[in-house]
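Novice:
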Amino acid sequence: MKFLIVNITWLPNKWKGIPSTEAEKVEIKKISGFRYVKENVPHECFNFSELTIFNGYKYGFAQFTLPPQYKNFDIIFFHSSNKLVGVYHSAEIIDSKTETVQGMEIGFNIRCPENDWILFDEFVELDKEHHLIKEGEVKNRIGQVGYNYIDANAAKNILENAKSISKDNQIREKIEQLEKAIFNTNPVQRFWKVSPGEGGKCWEECQKKGVIGIGKIQKKDVHGLTEEEVKEYLYEERGKRSPSLIKFIFQITKGHIIIAYSSPSTIYGVGIVEEKDWKYNENIPYEYSCLINTRKVNWIKPFSPIKVEDDEIKSKLGIREAISEIPKDFFINKLLPLFPDTFRIESFLIDTEIIESYILKLISKKHQIILYGPPGTGKTYNARKLALEFLRRDNYSVRNSMKEVK
Numbered sequence: 140m141k142f143l144i145v146n147i148t149w150l151p152n153k154w155k156g157i158p159s160t161e162a163e164k165v166e167i168k169k170i171s172g173f174r175y176v177k178e179n180v181p182h183e184c185f186n187f188s189e190l191t192i193f194n195g196y197k198y199g200f201a202q203f204t205l206p207p208q209y210k211n212f213d214i215i216f217f218h219s220s221n222k223l224v225g226v227y228h229s230a231e232i233i234d235s236k237t238e239t240v241q242g243m244e245i246g247f248n249i250r251c252p253e254n255d256w257i258l259f260d261e262f263v264e265l266d267k268e269h270h271l272i273k274e275g276e277v278k279n280r281i282g283q284v285g286y287n288y289i290d291a292n293a294a295k296n297i298l299e300n301a302k303s304i305s306k307d308n309q310i311r312e313k314i315e316q317l318e319k320a321i322f323n324t325n326p327v328q329r330f331w332k333v334s335p336g337e338g339g340k341c342w343e344e345c346q347k348k349g350v351i352g353i354g355k356i357q358k359k360d361v362h363g364l365t366e367e368e369v370k371e372y373l374y375e376e377r378g379k380r381s382p383s384l385i386k387f388i389f390q391i392t393k394g395h396i397i398i399a400y401s402s403p404s405t406i407y408g409v410g411i412v413e414e415k416d417w418k419y420n421e422n423i424p425y426e427y428s429c430l431i432n433t434r435k436v437n438w439i440k441p442f443s444p445i446k447v448e449d450d451e452i453k454s455k456l457g458i459r460e461a462i463s464e465i466p467k468d469f470f471i472n473k474l475l476p477l478f479p480d481t482f483r484i485e486s487f488l489i490d491t492e493i494i495e496s497y498i499l500k501l502i503s504k505k506h507q508i509i510l511y512g513p514p515g516t517g518k519t520y521n522a523r524k525l526a527l528e529f530l531r532r533d534n535y536s537v538r539n540s541m542k543e544v545k
């Protein structure tokens, strides 16, 4: 799979046509700084207009100083003014093509099938740590050539972010369809460390109410505000944008995993977020102020608090932010081995890669395992997959193995 982020000039009209006034054109040229803006009209001004659909393709433009090495991409993401604004799916880089649109010769160098493009209704703030990733390496910015290659995890993160902040049901559905078409999987399951209050003081209340929370950062309920509006409100009120609250409201969502951890070294529990929305609770007693903003969580089978001894884990979980994202590999390789064997990890993970990894670790210790569940839930399918995995590790011919396992 191949994914690309490309730069385009910022346009107030959301790239739906030629800017209406000369003043806008001059301002756009100043902002752009790219040599491809001719006659003060950027070619990308039609990137999300239906006027540039010809012969079954949607045409657009991006500001390359050197063309990408590859021509075909599963998704091309469009970036402008530090925001990700939309996508072309099944996109290709083409030789320069011009068409007369609204009386002007407009150039194009990208196209996709006529129905495979989305303009986000709420633009996604560029987060380099989650959006500019390629094979584990994080880039600091969009390259000077006008684009960056990114990996599948980064692409998933962008789509999940766009879906979580969208207020348009049709756009959310289109993003979900795109996720299924590209990744053939459920939406991305992400993992978050959330502190249940200083020293875990709110943990018992979190368990009892089935929630996780974050303290009174704002003075009012900010439901209905966009991410950018919340950031501006917090900055005006507190002089900072409170990234933990932004993550809690706009990034954590239904299906994500919460690791309740309090510094310096205690894991209290693990659970799954049950609802998309969050709740603002007024009139909370001071001692439970960390539960003013809450999300519903199904805390999986309780276990005694785990004291973490590993310095790497303490360093990763113990950062000062109340909320931080945990990489999937870190969860598999570092956190799973800490949990009791009776902990039913498969009861809440939608990521089959993690489930299989966990089962393989159990088998290596216990040498047998029972898969149970109603008919049609994948017991036989997964047993065959696990058998083939063990044979693969022993360098046995997988092709022969498959016949014998069947």
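Positions 140 to 545 (the working numbering) are the ones given, in order, by the sequence shown. We treat Cβ as the ideally placed atom computed from N, Cα and C, and that holds for glycine.
1. Tell me the residue span of the alpha helix (DSSP H) that contains Asn-308.
2. Tell me the DSSP secondary structure of Ala-291 in three-state form.
3. Please confirm whether Cys-184 and Gly-225 have their CB atoms less than 8 Å apart.
4. Looking at the structure shown, is Leu-384 part of a helix, part of a strand, or coil, going by DSSP?
5. Consult DSSP for Asn-194 and reduce its assignment to one of helix, strand or coil.
6. First and last residue of the alpha helix (DSSP H) that includes Ser-454?
7. With His-228 as the anchor, note down where its alpha helix (DSSP H) starts and where it stops.
8. In whole angstroms, give me the CA-to-CA distance for Val-145 and Gly-339.
9. State the beta-bridge partners of Phe-212 as determined by DSSP.
10. Rounded to whole angstroms, what is the Cα-Cα separation between Phe-216 and His-362?
11. Using three-state DSSP, classify Lys-393 as helix, strand or coil.
12. Ignoring anything shorter than 3 residues or poking outside the region 410–451, list the beta strand (DSSP E) runs there in chain order.
13. If we ignore side chains and look at the alpha-carbon of each, how far apart do Lys-348 and Thr-433 end up?
14. Under 6 Å Cβ to Cβ from Ile-445, same chain only, skipping five residues before and after it: list those, please.
15. Tell me where the alpha helix (DSSP H) around Trp-342 begins and ends.
16. Quick check on Asp-360: does DSSP put it in helix, strand or coil?
17. Mapping DSSP to helix, strand and coil, what is Ala-399?
18. If we call anything under 8 Å between Cβ atoms a contact, is Glu-238 one with Phe-200?
19. Find the nearest neighbour of Gly-191 within the set Cys-251, Ile-385, Glu-312, judged by alpha-carbon distance.
20. Specify the secondary structure class of Gly-338 as computed by DSSP and reduced to three states.
21. In three-state DSSP terms, what is Pro-476?
22. Which residues mark the beginning and the end of the beta strand (DSSP E) in which Glu-244 is found?
23. If you draw a straight line from the alpha carbon of Lys-267 to that of Ala-461, how long is it in whole angstroms?
24. Label Leu-265 either buried or exposed according to how many other C-beta atoms from any shown protein chain fall within 10 Å of its C-beta, with 16 as the threshold for buried.
25. Flag this pair as yes or no: are the beta carbons of Lys-141 and Phe-203 separated by less than 8 Å?
26. Going by the beta-carbon positions, is the gap between Leu-223 and Val-263 smaller than 8 Å?
27. If Lys-435 and Val-412 are in contact, beta carbons under 8 Å, what's the gap, nearest whole angstrom?
28. Around the Cβ of Leu-474, are there at least 16 other Cβ atoms within 10 angstroms (buried) or fewer (exposed)?
29. Under three-state DSSP, which class holds Ser-159?
30. With H, G and I counted as helix, E and B as strand and the rest as coil, what does DSSP make of Ile-509?
31. Which first and last residues belong to the beta strand (DSSP E) in which Glu-268 is found?
32. Buried or exposed: Gly-242, going by 16 or more other Cβ atoms within 10 Å of its Cβ?
33. In angstroms with no decimal places, state the Cα-to-Cα distance between Ala-399 and Ser-334.
34. Pull up the DSSP beta-bridge partners for Lys-153, would you.
35. Less than 8 Å between the beta carbons of Thr-365 and Ile-304, yes or no?
36. Which term fits Ile-351, buried or exposed, when burial requires 16 or more other beta carbons within 10 angstroms of its beta carbon?
Specialist: According to the structure shown:
1. Residues 308–322.
2. Three-state DSSP puts Ala-291 in a helix.
3. Going by C-beta atoms, Cys-184 is not nearer than 8 Å to Gly-225.
4. In this structure, Leu-384 counts as helix in the three-state DSSP scheme.
5. Assigned with DSSP and collapsed to three states, Asn-194 falls in coil, not helix or strand.
6. Under the DSSP assignment, Ser-454 falls in the alpha helix (DSSP H) whose first and last residues are 450–456.
7. Bounds of any alpha helix (DSSP H) do not take in His-228; it lies within the beta strand (DSSP E) bounded by 222–240.
8. If you take the alpha carbons of Val-145 and Gly-339, they lie about 44 Å apart.
9. The partner list for Phe-212 (beta bridge, DSSP) reads Ala-230.
10. Between Phe-216 and His-362, the C-alpha separation is close to 28 Å.
11. Secondary structure of Lys-393 (DSSP, three-state): coil.
12. Correct list: 432–438.
13. Roughly 10 Å between the two C-alpha positions.
14. Cβ-Cβ distances below 6 Å link Ile-445 to Ile-406, Leu-477 in the same chain, with the five nearest sequence neighbours on each side left out; the list follows chain order.
15. Here the alpha helix (DSSP H) through Trp-342 covers 342–348.
16. DSSP places Asp-360 in coil when its eight states are reduced to three.
17. Note: Ala-399 maps to strand in three-state DSSP.
18. Going by C-beta atoms, Glu-238 is not nearer than 8 Å to Phe-200.
19. Contrary to the premise, residue 191 reads as Thr rather than Gly in this sequence. Answer by Cα proximity: Cys-251.
20. It is helical.
21. The three-state secondary structure of Pro-476, taken from DSSP, is helix.
22. Start and end: 243–252.
23. Distance between the alpha carbons of Lys-267 and Ala-461 is about 20 Å.
24. By the 10 Å Cβ count, Leu-265 comes out buried.
25. No; because the gap between Cβ atoms is not below 8 Å, this pair is not in contact.
26. Between Leu-223 and Val-263, the gap from beta carbon to beta carbon is short of 8 Å.
27. The beta-carbon distance between Lys-435 and Val-412, rounded to whole angstroms, is 7 Å. This is short enough to meet the 8 Å contact definition.
28. Buried: at least 16 other Cβ atoms inside 10 Å.
29. The DSSP-derived three-state label of Ser-159 is coil.
30. In this structure, Ile-509 counts as coil in the three-state DSSP scheme.
31. Careful: Glu-268 lies outside any beta strand (DSSP E), inside the alpha helix (DSSP H) at 267–270.
32. With fewer than 16 Cβ atoms within 10 Å of its Cβ, Gly-242 is classed as exposed.
33. Each residue's alpha carbon lies about 6 Å from the other.
34. Looking at the DSSP assignment, Lys-153 forms no beta bridge with any residue, so it has no partner.
35. Going by C-beta atoms, Thr-365 is nearer than 8 Å to Ile-304.
36. Buried, by the Cβ-count rule.
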